[in-house]
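A short write-up of the structure that comes next.
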Ligand SMILES: CSCCC(=O)C(=O)COP(=O)(O)O
Ligand SMILES: [Zn+2]
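In the UniProt record's numbering, the protein residues as written are 1 to 204.
Structure representation (C-alpha cells):
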C-alpha cells in the first residue's frame with residue numbers, strides 16, 4: 001500500500017501518546033481522513049504506542065466497511081461518525097488517560113465545564129480564560145452504534161468542538177490536522193489534570 005504523506009506525522013503522534021501513558025495496554029484508537037468517503041483507522045487490539053503505518057486500515061465512512069478483511073478498531077463507528085458530522089475534521093485521537101477516565105466519572109452531569117484556565121486557549125478559537133469550554137460526556141456503551149447515535153443526536157442540538165468524553169472510558173478529540181488534534185489532546189489533558197486536582201483540593 002502507498003501510505004499518504006500525513007500518516008508518518010500521525011504515527012509519530014501515536015508514539016508521543018504512548019510515551020505520555022495515555023493509551024495503556026491496547027486502549028485507544030486513531031484515524032485520519034483520506035477523502036470525503038474514506039479514512040484510515042488503527043487495526044483493533046494493537047499497542048497504540050508502537051504503531052507503524054501498516055497498522056492503519058482504509059475504512060469507508062458510509063458503512064465502516066474495510067476492503068482487505070482485517071479488523072479495524074472496535075470503535076471505528078465513532079471515528080467515521082465524526083468525519084461524517086464534521087467535514088473539517090481531518091484527524092481523530094481516542095485516548096484512555098487516567099485523568100479523562102476518572103474525571104468523566106467524577107462529573108455526574110452531561111458535560112465537563114472548564115473555565116478560568118489560561119490553557120483553554122490551546123483549543124482553536126478560544127481567546128480568553130474567562131469563557132467556559134463545555135466538553136460533553138456520554139455514558140459508555142459496548143454497543144458503539146448506539147453510542148454513536150447519542151453523539152449524533154447531541155451534535156444536532158449542540159455542535160461538537162474539540163472532542164467529547166465517554167464516561168469511565170476516555171476522550172475522543174479531533175482537529176483539522178495532526179498538529180491541531182495533537183494540540184487539542186495536549187491542552188485537554190492538561191485541563192483535565194488541573195480540574196481534577198482543583199476538585200480534590202477543594203473537596204478537603
Ligand atoms: C483494553 S482497550 C478496550 C477497547 C477500547 O476501548 C479501545 O479503545 C481499543 O479498542 P481497539 O479495538 O481500537 O483496539
Ligand atoms: Zn476506547
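We put the beta carbon where it would ideally sit given N, CA and C, even for glycine.
Residue 140, enclosing beta strand (DSSP E) - first and last residue
The count along the chain shown starts at 1 and reaches residue 140 at position 140. Residue 140 -> no beta strand (DSSP E), and no H or E assigned at all.
Taking the beta strand (DSSP E) that residue 58 belongs to, which residues open and close that run?
Residue 58 sits at position 58 when you count from the first residue of the chain shown. Counting along the chain, the beta strand (DSSP E) containing residue 58 begins and ends at 56 to 60.
How is residue 152 classed by DSSP in three states: helix, strand or coil?
Residue mapping note: residue 152 aligns to position 152 of the chain shown, counting from 1. Three-state result, residue 152: helix.
Just to confirm my understanding: we take residue 66, look at its own chain, exclude 5 residues before and 5 after, and list those with CB closer than 6 Å. What are they?
Walking along the chain shown from the start, residue 66 turns up at place 66. Excluding positions up to five away in sequence, the list reads 57, 59 and 72.
Heavy atom of ligand 2 less than 6 Å from the Cβ of residue 214, yes or no?
No answer is possible for residue 214: the residues shown for the chain start at 1 and end at 204.
Let me check understanding here. Comparing Cα to Cα, which of 40, 75, 98 and 111 lies closest to residue 158?
Position 158 of the chain shown, counting from 1, holds the residue named residue 158. Looking at the Cα atoms, 111 is the closest of the given residues.
Sort out for me which residues DSSP pairs residue 134 with in a bridge.
Here residue 134 refers to the residue found at position 134 when the chain shown is read from its first residue. The partner list for residue 134 (beta bridge, DSSP) reads 113.
Is it the case that the CB of residue 44 approaches a heavy atom of ligand 1 more closely than 6 Å?
Mapped onto the chain shown, residue 44 falls at position 44. Yes; taking the cut-off as 6 Å, the Cβ of residue 44 has a heavy atom of ligand 1 nearer than that.
Out of 203, 194, 172 and 182, which one is the CA nearest neighbour of residue 83?
Walking along the chain shown from the start, residue 83 turns up at place 83. Comparing Cα positions, the closest option is 172.
Determine which residues share a DSSP beta bridge with residue 39 and list them.
Walking along the chain shown from the start, residue 39 turns up at place 39. Paired residues: 33 and 59.
Out of curiosity, what's the CA-to-CA distance linking residue 79 and residue 203?
The sequence position of residue 79 within the chain shown is 79, counting from 1. The sequence position of residue 203 within the chain shown is 203, counting from 1. About 36 Å.
Bridge partners of residue 170, per DSSP?
Here residue 170 is taken as the residue at index 170 of the chain shown, counted from 1. Note: residue 170 sits in a beta bridge opposite 166.
Please name the residue in 28, 20, 188 and 11 whose C-alpha comes closest to that of residue 54.
Numbered from its first residue, the chain shown carries residue 54 at position 54. It is 11 whose Cα lies nearest to the Cα of residue 54.
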